[in-house]
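S.K.: Could you have a look at this structure, given as structure tokens, before my questions?
Residue numbers (our numbering), protein chains in the order written: chain A, 286 to 582; chain B, 4 to 337; chain C, 44 to 423.
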């Protein structure tokens, strides 16, 4: 007899797949750490966007008399050497990190995808040449490349965006090229070609969706790195160079000497960097898991 | 196998050439007149003339480049504008500090990362795995300079357990012979000096090694899990081998491979990270030199240092590739 | 006493997706020197049953949740892990489907063979090496002394499987379990490997369990065959008897889906319609019912037990006179078996009763999915 808990063995219909993106979104919603990451990102973005509204003080003007005070009701994160409200500075610093970080990643994506698409699409000598060029860029490890480019271009927000962006471009280029090359030989592409699907349709409907997903994941993770790299440049004195701008990295350099007397001046901007980076890293990992169509869940 | 090595080496050479061209142009394409840019605030008409002659700035570009290349191959990397000393000499004095730091960070990252990764892999999705994952997350999310200052604050300022800055306490009077603080201390034979040199290495190594630690842990965990699910591990068990043997010979021997590659790649990150670490902990290494050189507009130094860093990075990558080919029988014996 | 006696074995897997009922009460015996074929489609539980015998189920998901496995009298489900380890390789050996992935790519053949031998015998490395050379010769690998130092990827597929056979037989086990040993090989090589297997096991009176989905393979190799479906044994008989007198609708279906050289030009291949069941549902009723053209209402609600074909016959579980048993409420007659369809006037394959449809709906399953409907003629 059929009992309450079970039924005859019939193939259960799997929940209808509504496309890669909807599925991914559904999986993402159930991913705890990813949600936490999104919350961190939300805090970061809200802080950045609403800085002019939330901040009670002008981040660039300080009252010397109330300099180097610890956290209090009036100044939730304390004041720096020049009496500027730290909380306001952290908020405005978020604007810089957000803008510069996002644009840097976009710059990297722009250069990287173009180079990667040409290399992966054209193949042969063009591919070899482009890959050699990216090899040269990749030969200079990590932040050193951005440092070098800033040294060359000089100080300024735009220069930083370009420098950091260019240092990411090779990674995106390699990624896209790799995807395209692999996909070209993938069985489903060969199959599509064999039934006469025109080239551009293959590109758009078959190859791009597969090639895009690793890029999206990488771009999200790159945002985390960008925030850290931009702060790093600021820390090394290669920041926007405008003393009126509050930048997290520069705030750390300025306050380094007060590690003993005013540790909060290092803690708060530092925590802000970490929270933002954690957010994008968690989101990136979550995206990587949920965009993998082979996972059955 | 030999062919593979040859191919890799030959492949690296054009990259180095390309880089040297790029860096050569870097100097020549600085805004304004190169000679003035190089000299910066030290520019005087006589010095400008001198620089123009030494660098041959009036000659056609390709001649300049060949000149530059020639000098490079002879070990002449130019001289610093600030103190006039040849880059090569100052490099040899400062590089050991960076090497010490890099090795310290590697020992920290690998020594802790591999056991942690294995531990996490033993009970996937267990609470140890969860904690290790969180640790990895923070490893890559905390910038070196933030971590550095935090470590200094906790261990030096508050607890007074470890020293904050520099390679060694200058009051101990250790003469710089090799410029490796630890070796120099060992040479004196005085225990307090030796201990002190090690003590100074701890916090910077942790700060610099935090990112590689996170990455090595992750890749070890992933690799061990993946290998554990392979068919040949099942075969090994079916043959009645002890768990220990299965672990060591069958799982780890295969899991090592991707881990070693990743470790090799981390060296590049360590070189870049050294720039930040040396600044935080005021180490007199090559990393902090890059920063001061840029701040002082000492472009010849910047150019040479970047070239050297890149060469080291490429060489390490090459060695890693060769090492991997050696360890993986499928590549070694085609 | 039979060498191996599996009794009511139940194996389940705990996964994210739910509880998978992989093996649902399997019983069979095996004598010394016998070769038993275990046949069924992918997912029917044939491999899992044998992994359970050796307690090699993937941990921690796979669990033996009922029944016993008696080997030489001892219940393997109860013995200690160290006893199992001694048993593995020495008394019971297993070879797997894909020899490329079943051999450790970073160790030489010598290392892998020597470690097998030395895991169970106190011999020197040199002695083990000599034995390894002997074994390689036995399985027909030329120049064994040099080949020992090679790595798995330097062998061809057929050679690799020979190496696996050599390793499995190294300690002269009493039972060899061969899980789809030739599925990954080219057809010509298949024949060679099977021949080798037959010769070596006959020489040593090794009992063999041969797992496969290929009826052609069992025909030439086995004395008896168990047909499995969805974690149950649905029919068991001696090999000649099974091919000559198949009675279970599933077996009939299997035999009719093989193209035969002696079939007429216009005899259609009759595939088994439908899909294998979802093992996440605990079985109620016969699992083959949705695809069975002979089903009656009772099939939907009650799982038939494995019973002798000739009612009341005393059951012999092993040997050339083993009883032909099957688990079916309404099996095929001899004529139906040769045509592949039910031929009874007015017989219609029973649709699922209302109680079953309700239970399915309550469990959120579409009752129509996987259901094969058969019309008046007995075919959909």
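Even glycine gets a Cβ: it sits at the ideal position worked out from N, Cα and C.
For clarity, every value in this text was computed on a predicted model and none was experimentally measured.
Taking the alpha-carbon positions, what's the residue 274 of chain C to residue 324 of chain C distance?
M.R.: For the purposes of this step, residue 274 of chain C is identified with residue 231 of the third chain, where counting begins at 1. For the purposes of this step, residue 324 of chain C is identified with residue 281 of the third chain, where counting begins at 1. In a straight line, the C-alpha of residue 274 of chain C is about 12 Å away from that of residue 324 of chain C.
S.K.: By DSSP's criteria, residue 49 of chain C is part of a beta bridge. Which residues make up the other side?
M.R.: For the purposes of this step, residue 49 of chain C is taken as the residue at position 6 of the third chain. DSSP, once it has assigned bridges, lists C/71, C/112 as partnering residue 49 of chain C.
S.K.: With distances taken between CB atoms, is the gap from residue 97 of chain B to residue 299 of chain B smaller than 7 Å?
M.R.: Position 94 of the second chain, counted from the first residue, corresponds to residue 97 of chain B. Position 296 of the second chain, counted from the first residue, corresponds to residue 299 of chain B. No.
S.K.: Is the CB of residue 234 of chain B under 7 Å away from at least one CB in chain C?
M.R.: On the second chain, position 231 is the one that residue 234 of chain B refers to. With 7 Å as the cut-off, residue 234 of chain B counts as an interface residue toward chain C.
S.K.: Could you tell me the distance, in whole angstroms, from the CA atom of residue 393 of chain C to the CA atom of residue 339 of chain C?
M.R.: Within the third chain, numbered from 1, the residue matching residue 393 of chain C stands at position 350. Within the third chain, numbered from 1, the residue matching residue 339 of chain C stands at position 296. Distance between the alpha carbons of residue 393 of chain C and residue 339 of chain C is about 5 Å.
S.K.: Determine the burial state of residue 446 of chain A: buried for a count of at least 16 other Cβ atoms within 10 Å of its Cβ, exposed for fewer.
M.R.: In the first chain, counting from the first residue as 1, residue 446 of chain A sits at position 161. Buried is the call here.
S.K.: Judging by CA-CA distance, which residue of C/386, C/313, C/272 is the nearest neighbour of residue 369 of chain C?
M.R.: Taking the first residue of the third chain as 1, we reach residue 369 of chain C at position 326. Selected option, being the one with the closest Cα: C/272.
S.K.: Following the continuous alpha helix (DSSP H) through residue 250 of chain C, name the residue where it begins and the one where it ends.
M.R.: The residue given as residue 250 of chain C occupies position 207 in the third chain. Careful: residue 250 of chain C lies outside any alpha helix (DSSP H), inside the beta strand (DSSP E) at 250 to 255.
S.K.: Would you call residue 298 of chain A buried or exposed, if buried means 16 or more other Cβ atoms sit within 10 Å of its Cβ?
M.R.: Here the question's residue 298 of chain A lines up with position 13 in the first chain. Low confidence applies to residue 298 of chain A: its pLDDT is 33, below 50, so where it sits in the model is not reliable enough to give any reading.
S.K.: Tell me whether residue 56 of chain B is buried or exposed, calling it buried when 16 or more other Cβ atoms sit within 10 Å of its Cβ.
M.R.: Taking the first residue of the second chain as position 1, residue 56 of chain B is located at position 53. Exposed, by the Cβ-count rule.
S.K.: Among C/376, C/337, C/346, which has the Cα closest to the Cα of residue 15 of chain C?
M.R.: Here chain C has residues from 44 to 423 only, and residue 15 of chain C is not among them.
S.K.: For residue 383 of chain A, which residues in the same chain have their Cβ closer than 6 Å to its Cβ, ignoring the five residues on either side in sequence?
M.R.: Along the first chain, one-based indexing puts residue 383 of chain A at 98. So the list reads 333, once near-sequence residues are dropped.
S.K.: Would you mind sorting residue 335 of chain A into buried or exposed? The rule is 16 or more other CB atoms within 10 Å of its CB.
M.R.: Here the question's residue 335 of chain A lines up with position 50 in the first chain. Looking at its Cβ environment, which holds fewer than 16 other Cβ atoms inside 10 Å, residue 335 of chain A is exposed.
S.K.: Residue 166 of chain B: which of B/155, B/175, B/176, B/132 sits nearest, CA to CA?
M.R.: Looking up residue 166 of chain B in the second chain gives position 163. Closest by alpha carbon: B/155.
S.K.: Could you tell me whether the Cβ of residue 212 of chain B comes closer than 7 Å to any Cβ of chain C?
M.R.: Within the second chain, residue 212 of chain B is the residue found at index 209, counting from 1. Cβ-Cβ to chain C under 7 Å: no for residue 212 of chain B.
S.K.: Does any CB atom of chain C fall closer than 7 Å to the CB of residue 250 of chain B?
M.R.: As a position in the second chain, residue 250 of chain B is number 247, starting the count at 1. No - not a single Cβ of chain C is within 7 Å of the one on residue 250 of chain B.
S.K.: Hey, how far is the Cα of residue 85 of chain C from the Cα of residue 67 of chain C?
M.R.: Numbered from its first residue, the third chain carries residue 85 of chain C at position 42. Numbered from its first residue, the third chain carries residue 67 of chain C at position 24. If you take the alpha carbons of residue 85 of chain C and residue 67 of chain C, they lie about 16 Å apart.
S.K.: From the DSSP output, read off the bridge partner residues of residue 271 of chain C.
M.R.: Residue 271 of chain C sits at position 228 when you count from the first residue of the third chain. DSSP, once it has assigned bridges, lists C/276 as partnering residue 271 of chain C.
S.K.: Using DSSP with H/G/I as helix, E/B as strand and the rest coil, what is residue 188 of chain C?
M.R.: Here residue 188 of chain C is taken as the residue at index 145 of the third chain, counted from 1. If DSSP states are grouped into helix, strand and coil, residue 188 of chain C belongs with the helices.
S.K.: Would you mind stating whether residue 344 of chain A and residue 377 of chain A have Cβ atoms separated by less than 7 Å?
M.R.: Position 59 of the first chain, counted from the first residue, corresponds to residue 344 of chain A. Position 92 of the first chain, counted from the first residue, corresponds to residue 377 of chain A. Cβ atoms of residue 344 of chain A and residue 377 of chain A: closer than 7 Å.
S.K.: Using beta carbons (cut-off 7 Å, strictly below), is residue 420 of chain A in contact with chain B?
M.R.: Position 135 of the first chain holds residue 420 of chain A. Residue 420 of chain A counts as touching chain B.
S.K.: Span of the alpha helix (DSSP H) holding residue 137 of chain C?
M.R.: What you label residue 137 of chain C is simply residue 94 of the third chain in a count that begins at 1. Careful: residue 137 of chain C lies outside any alpha helix (DSSP H), inside the beta strand (DSSP E) at 135 to 138.
S.K.: Less than 7 Å between the C-beta atoms of residue 347 of chain B and residue 95 of chain B, yes or no?
M.R.: Because chain B in this structure spans residues 4 to 337, residue 347 of chain B falls outside the shown range and cannot be described.
S.K.: If you follow the alpha helix (DSSP H) that residue 153 of chain B is in, where does it begin and where does it stop?
M.R.: Here residue 153 of chain B refers to the residue found at position 150 when the second chain is read from its first residue. Its alpha helix (DSSP H) spans residues 147 to 154.
S.K.: Residue 368 of chain A and residue 352 of chain A: beta carbons closer than 7 Å?
M.R.: Numbered from its first residue, the first chain carries residue 368 of chain A at position 83. Numbered from its first residue, the first chain carries residue 352 of chain A at position 67. Taking 7 Å as the Cβ cut-off, residue 368 of chain A and residue 352 of chain A qualify as a contacting pair.
S.K.: Is the distance from the Cβ of residue 455 of chain A to the Cβ of residue 415 of chain A below 7 Å?
M.R.: Taking the first residue of the first chain as 1, we reach residue 455 of chain A at position 170. Taking the first residue of the first chain as 1, we reach residue 415 of chain A at position 130. No, they are not a contact pair.
S.K.: Run down chain A in chain order and give the residues with a C-beta less than 9 Å from the C-beta of residue 18 of chain B.
M.R.: Along the second chain, one-based indexing puts residue 18 of chain B at 15. In chain order: 417, 420, 421, 423, 424.
S.K.: At a Cβ cut of 7 Å, what residues of the region 255 to 284 of chain B count as close to chain C, listed as they run along the chain?
M.R.: 256, 257
S.K.: Just by C-beta distance, which residues in the region 538 to 551 of chain A are closer than 8 Å to chain B?
M.R.: 541, 544, 545, 548, 551
S.K.: Are residue 219 of chain C and residue 136 of chain C close, meaning C-beta to C-beta below 7 Å?
M.R.: The residue labelled residue 219 of chain C in the question sits at position 176 within the third chain. The residue labelled residue 136 of chain C in the question sits at position 93 within the third chain. Cβ atoms of residue 219 of chain C and residue 136 of chain C: closer than 7 Å.
S.K.: If we cut at 7 Å on Cβ distances, does residue 146 of chain C have a partner in chain B?
M.R.: Stepping through the third chain from its first residue, residue 146 of chain C is reached at position 103. Answer yes: the Cβ-Cβ gap between residue 146 of chain C and chain B drops below 7 Å somewhere.
S.K.: Cα separation between residue 289 of chain A and residue 402 of chain C?
M.R.: On the first chain, residue 289 of chain A is found 4 positions in, with the first residue counted as 1. On the third chain, residue 402 of chain C is found 359 positions in, with the first residue counted as 1. Note that residue 289 of chain A scores 26 on pLDDT, short of 50, meaning its location in the model is unreliable; the coordinates nonetheless yield the value given after this. Rounded to whole angstroms, residue 289 of chain A to residue 402 of chain C spans 7 Å at the Cα level.
S.K.: Which residue or residues does DSSP assign as beta-bridge partners of residue 18 of chain C?
M.R.: Because chain C is modelled from 44 through 423, residue 18 of chain C falls outside the range shown and cannot be assessed.
S.K.: Spatial neighbours of residue 201 of chain C within its chain, please: C-beta separation below 8 Å, excluding the five flanking residues on both sides.
M.R.: To locate residue 201 of chain C, count along the third chain from 1; it is residue 158. Excluding residues up to 5 positions away in sequence, 228, 229, 232, 235, 236 lie with their Cβ nearer than 8 Å to the Cβ of residue 201 of chain C in the same chain.
S.K.: Using a Cβ-Cβ cutoff of 7 Å, what residues of the region 295 to 319 of chain B are near chain A? List them in chain order.
M.R.: 297, 298, 305, 309, 312, 313, 316, 317
S.K.: Step through the CB atoms of chain B and report whether any lies within less than 7 Å of the CB of residue 149 of chain C.
M.R.: The count along the third chain starts at 1 and reaches residue 149 of chain C at position 106. By this cut-off, residue 149 of chain C is an interface position.
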